[in-house]
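In this note's numbering, the protein residues as written are 8 to 204.
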């Protein structure tokens, strides 16, 4: 066990916490927490992960993460992690599909989506479009016929114009019943004449 791990373990035990409780609070796998406390950094994913785990674990234990990270950096300089080259599988070494020779990277804007020209359509897609359009028109006609019935406004054969006219008449007669008419004097006593001046 190295000095860094010893500091972490003592701080955890001083708070009376188990690795499982720390894992539940920090969401760091208990296997990784144990590796940090034992100084076994080789089983941790990457040095970047180690720094992140150290920082979060130290903050959780109310420790200043800066000195712990400095100690880890010293350890890293003394024990550099080996660089492992991963061979690329043969199946991915081929040329990518749908790319032109002059196109070095995948560019979704310039990838051709169909073999034909832009004006051609698949007969099946045209048939689907016509069926969908016919269904929409049919639903509109059914709604125009049966919605008035469901709403209790007649037999459904009343046209929109007739319905609007009836509503206007109801409005006008309803307003006219509640308002008293006052007579207006229409006699002109002093006519105005136009003069050329």
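Backbone N, C-alpha and C fix where the C-beta goes; we use that ideal spot for every residue, glycine too.
Residue 22 carries a coil assignment under DSSP once its states are collapsed to helix, strand and coil. Exclusion of the five residues before and after residue 9 leaves 46 as the residues of its chain whose Cβ lies within less than 6 Å of its Cβ. Separation of residue 13 and residue 44 (C-alpha to C-alpha, rounded to the nearest whole angstrom) is 6 Å.
The alpha-carbon separation between residue 26 and residue 132 amounts to approximately 60 Å. In the three-state reduction of the DSSP assignment, residue 74 falls in the helix class, which pools H, G and I. In the three-state reduction of the DSSP assignment, residue 81 falls in the helix class, which pools H, G and I.
DSSP places residue 136 in the uninterrupted alpha helix (DSSP H) bounded by 130–158. Between the C-alpha atoms of residue 18 and residue 68 there is a straight-line separation of about 6 Å.
Here DSSP, grouped into helix, strand and coil, assigns residue 12 to helix. Across the structure, residue 74 and residue 37 are spaced so that their CA atoms are roughly 23 Å apart.
Between residue 40 and residue 62, the C-beta gap is not smaller than 8 Å, which leaves the two residues out of contact.
In the three-state reduction of the DSSP assignment, residue 177 falls in the helix class.
At a Cβ-Cβ threshold of 8 Å, residue 51 and residue 42 count as neighbours.
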